[in-house]
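Data block below; observations after.
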């Protein structure tokens, strides 16, 4: 049976999640182009490797040539100083979308983050249409890309699924992850669903496994067809064993962004 | 164990869905009265056949005598010229409700349609309380019956479950049906649930299988107790094989009503 | 200064409201075509009179020729037997919209009614997007025209402002009208605003004066630019003098539709 | 593996639900303190028994000493005369919260009731943030404790999960329970989840099994991680066999509170 | 012209607001019965004085005899120790409603308070249907009466307008009152409107003047017909002169309840 | 009487709106610092002039020293090529907020734009919490600053009022401005209100005059205390005289952003 795509571009492909996506998305495309600042040495036959920085406009645009879909997981993956956030996520993502526009790429799956909405409280039970409320420069840059991709959908017809990834780790590492965990396998499922959904337009989705505790409402992303199959619950006993109960009044407990809400300004550090 | 109903009337019983309902509803009633403009030749012992047109007021009212519930699937089943829509759905359904009122029938299950809301966009993620937005004269006539049945509930205490059937076909035939499909078996489940729910009042429900892609919100129909068991997903590969990806900006892709939003006026054709 | 319209058609022009509209809309058009089943004898120079029944398809369509906008106040103006409702409002309004479509009329202002939503309770504080809940066959027919006009907007680009007129009388006649009154002058203001608003699309609006008691929320009709200038309040003392306090638990008190919710079926009367 | 709590206090422990909770919560605590007005005779090694009335301030506060969590199921369990409601639920619960405040108890699970919202209609499909609408003095007292516990969370950081228990019986006993049933086992699951959820704050939750018919929306309690595993559906046939269909227009059918909406005033009885 | 009421009972009549209501409501009733724990010495001809404590069941019920409406402003008017709150507001208001039920009083206007919702934030822009979130025992007792009056409406047909009075003072005394002020005259207007509105049922309303800064949404109380005529704005300069700008992150600034959110527990004081 | 502020910084002070703000805000501050890339030659005694580009980090931060509030109207004022948008609005606004953080400025009033939400339709009647939907790179950059300022409020306590200015021109110039106009005087009123409101936090507001046609809902900005006093209505006749009626189905008519939704990509032009 024919694969749905001829060629997919994955940015940030050398990272932890990137390497999971390399394998997980293989059934969806004849060719997978892997882009990162760090070279990838174990390229498979169906894979192409590209090494460049997203802030390099020409290289980034060139990387999108002959591509059917982009899985854009590159850029800063945690809080960083402003200039890094600016170059890698803001300028870098603009280059990605310009590439998509110039080369006719029809769909993008973007790794946004819970940190775009990190200052919302759990008690607010927000859905995917709540206003943004970032908890870091990293989060602000995710808001920028969500807005940018909205423009490229409305004006240029390029579909984007923005996945607000919560806590994607090998396993739940603290009590917050009992509700915020996204297993690597579910992350791959979410990206796959977003690539193959019959209609995406501009979508915002929460990237979460099927954890028993569900503080947010993902129902408006139902059209993506994402069905998580993992849960933090089997790890509950081991997490509780290793960690203290959460302080219920702590800002880090009450806000979706967790400890990001207490991070200082990145430009202040080391000064 | 006693059956919940003594006699059910099914209108439109000679159609594809009607014949599925004949079998599927048999466990619910001692007698099933089958009404259609076309005679049914293979009547079973527990079945009664009636041949008449819904525009015939006297015949329609008479057909509701001694009936405990009505499964009203008759009337135009697709876009038709105005006079047909008027006679079969508007006038015909008025006759059905007058029959119910005069003969004390307590519950009606009505085959409404996605085309009552066909001009809503997928991106709006509507629920069952969104304003109507029909995409055809056919859809307008469904809105009429939904409004009429609301009156007969509020004023006369006749309960109606309006089922907005999306795409009820033997199997998903195009990419839109990956989210819009309602299997025949699930359609029977939905009608059965609507007949036996402990409280219906006036309900609007979306008739959909448990497809992975879910662009609409059916939660306010939860009191009906409908639990779909089929999904379009097993047909995904074959559908994708046979059909092109949807044009994401096409009106037919973006609206719930699909290609109905591009139909011309039925009275113009052949003129 | 040029008038905004060359020719407006008013249906139901011989009625009480119609005669107010004749005068009130005069500043908006060079010619006003007045249609009714009853002849109008005092035609002014800028007025044209047409006598026909809305159920007459050819006459109705012909009446829309060379018209820039239609103020559709014709059809049954209170609860009537089904055949009258069917002929005058359902069939008649279809003829009006077919006329608009065939003759390129761009905007319709339609006299819908509170009775399209009469079974909603005051305590629900509904807005103009609440589901319909008619209290009479009259109300059901208003729902039909609202749905029909939605189709003609979405599919054919004919704008309609549906005005759900509450209680349009010379002055408030009972305690319910302390909140439900629409003065004749405000009714003319509402129609004028709907005719001249820069963008109407398909709009639902509540037709109410600026009464002190406001049980419903008209804010989603704000784009029409209707600013009521009358109020029931100056009539409060005289209304209270003449009438008993409302029974707070009575169905007629609690529902928007007032005494319509206790009307019997019109086809039962006199039989 | 260590248990999550050292000592839990259960009030109302001698009742039907209380005895289920004694067993069901045993895995969660080293010690369980059982409080009731009625002595409990079969205390297990890990159990402590206390006999007192909740209206006894000193005894109630003392009972909360050295306790890590309180499962507050004591107080009037059905409609009662005002003085009983006042003493057992209003004054008694105040004593419980003062005990929690003075002794540093961090979390309370409270048995609220559907009767705090009994006058809402099924057709309203309410969620857990709808305004209260009690159907009895019993229900009013539940509203009081919900408000009181909200204060103790916001001001003193004591978390409370208010469980609005619908119909917790050994099995569904009438047709209303086809949607309102909460099995004893699911009740224990709901309390356990509320005790162990990573973040509770002040939560309102509907206590219902996974019944097929779902007239209310529990999604805003998703953070509790309650996953019901029972359903009224296997009992449907036997319930239908023994009971008449509901009268669809009866107040007891239409309101969440069932027959409580038709109870007279408790202080009038026997007078 | 006849006055709308023969006799009104005002509780808490000796207080500041009470004395304004004595004068302000005089045009509405032939007789005004003034109740307070403190005697009133300057009774006018149309006034009757009663001295009793609301915790006295018999006296309170007797005070409601031959009364057409009750303006219930008695009970604790600020944070108090629990036993005072319990006796004056909780028990006292129960006595008032039992009096209304036994003596057929049809409407109550109740002085609820912003402190029933004091822990909501300004940024939440709540409306009158938001869940309660009291900031004090005083606030909890207001929630109790709101719930109690809801029951007496739904079950016994006694209408109540619950007025959540914000800051009713002679003039705005601090910067919070730039948005929270309710002038005495507007308070009288609000009570008058609530007494004379054509339909009240059970209503929640925010008691605020027409201040320029409006952090809450009172639109669902529009049926009461309250039109404030005062504003804090003329006092702005003098308030700013005398007071420091608010600390934007202070809990007292961010919550509707102001400094109540930082009050300690009343039972702790002086102990 | 003392002025509320000692020193205000206005960026973009040489522009049309800037020069109105210079005069309009004079009553609010002892000193007004005027910043622009273009020198201002007619400085008054209470004014200080600074000439620099917002992309100059050091100069921008320095400009915020000893400032009590910032009125940030600088940056690109219409669609521009990406590098201009990036430098002037994205980088420039980051510099402003870093200046505010480093120099303890407590409040910012930011000139956001309707073009942050330009792809929403009029028919959606959005309020200020709707998701962003920009119609241009200019609009995307406004979304960025809205998100950035949200972070600086939540994390650093710097209040910002984001004013989504619709059409601020000397007078309404086309039919869209009949609803989208913001007079210069009302713009000054909106900025003044935002500077002096008792609590701002992070606010989004629609900048519109009191035009009769109101397609959007500004009620959640009510805490700012902005009361517009101008209206497009007196200009209606002259606008209608000079312009054609809007094409009701045109994208420019249906979307809030007007003709921005049909702008091409700025980087494509002239290249």
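Residue numbers (the numbering used here), protein chains in the order written: chain A, 15 to 285; chain B, 15 to 285; chain C, 15 to 285; chain D, 15 to 285; chain E, 15 to 285; chain F, 15 to 285.
Ideal Cβ positions, reconstructed from N, Cα and C, are used throughout, including at glycine.
What you are looking at is a predicted structure, and each value in this text was computed from that prediction instead of being measured.
Identify the continuous beta strand (DSSP E) that holds residue i and give its terminal residues.
i                      : result
residue 63 of chain D  : 61-65
residue 274 of chain A : Per DSSP, residue 274 of chain A belongs to no beta strand (DSSP E) and is neither H nor E.
residue 227 of chain D : First-last for residue 227 of chain D: undefined, no H or E at that position.
residue 19 of chain F  : 19-25
residue 150 of chain E : That residue, residue 150 of chain E, is in no beta strand (DSSP E); it is neither H nor E in DSSP.
My assumption, with CB atoms under 8 Å, is that residue i sits in contact with residue j. Please give the rounded CB distance.
i                      : j                      : result
residue 47 of chain A  : residue 81 of chain A  : 7 Å
residue 114 of chain C : residue 78 of chain C  : 6 Å
residue 120 of chain F : residue 75 of chain F  : The Cβ separation is near 16 Å, so there is no contact.
residue 196 of chain D : residue 221 of chain D : 5 Å
residue 154 of chain D : residue 39 of chain E  : At roughly 28 Å, the Cβ-Cβ gap does not stay under 8 Å, so residue 154 of chain D and residue 39 of chain E are not in contact.
residue 194 of chain E : residue 224 of chain E : Contact doesn't hold; Cβ gap of about 13 Å is too wide.
Can you give the Cα-Cα distance for residue i and residue j, rounded to whole angstroms?
i                      : j                      : result
residue 34 of chain B  : residue 214 of chain E : 51 Å
residue 24 of chain E  : residue 231 of chain E : 28 Å
residue 179 of chain B : residue 132 of chain D : 33 Å
residue 107 of chain A : residue 251 of chain F : 47 Å
Name the two residues that bound the continuous alpha helix (DSSP H) containing residue i.
i                      : result
residue 211 of chain C : Element bounds for residue 211 of chain C: n/a, residue is neither H nor E.
residue 241 of chain E : That residue, residue 241 of chain E, is in no alpha helix (DSSP H); it is neither H nor E in DSSP.
If you run the structure through DSSP and keep just helix, strand and coil, what is residue i?
i                      : result
residue 247 of chain B : helix
residue 72 of chain D  : helix
residue 285 of chain F : Caution applies to residue 285 of chain F, whose pLDDT of 45 falls short of 50 and renders its modelled position unreliable; the model cannot decide the point.
residue 110 of chain B : helix
residue 104 of chain E : helix
residue 219 of chain E : strand
residue 135 of chain E : strand
residue 44 of chain C  : strand
residue 178 of chain E : strand
residue 192 of chain F : helix
residue 173 of chain A : strand
Quick one: what's got a C-beta closer than 6 Å to residue i's C-beta in the same chain, skipping five residues either side?
i                      : result
residue 226 of chain A : 247
residue 241 of chain D : none
residue 157 of chain E : 130, 146 and 148
Using a Cβ-Cβ cut-off of 7 Å (strictly less than) and excluding sequence neighbours within five positions of residue i, which residues of its own chain qualify?
i                      : result
residue 239 of chain B : 207 and 211
residue 54 of chain C  : 27, 28, 48 and 63
residue 234 of chain F : 141, 142 and 143
residue 105 of chain A : 69
By Cβ distance below 8 Å, which residues in the same chain neighbour residue i in space, the five residues on each side in sequence not counted?
i                      : result
residue 72 of chain C  : none
residue 42 of chain F  : 17, 18, 19, 22, 206, 209 and 210
residue 269 of chain D : 132, 133, 134, 135, 136, 149 and 275
residue 90 of chain B  : 98, 99, 102, 103, 152 and 155
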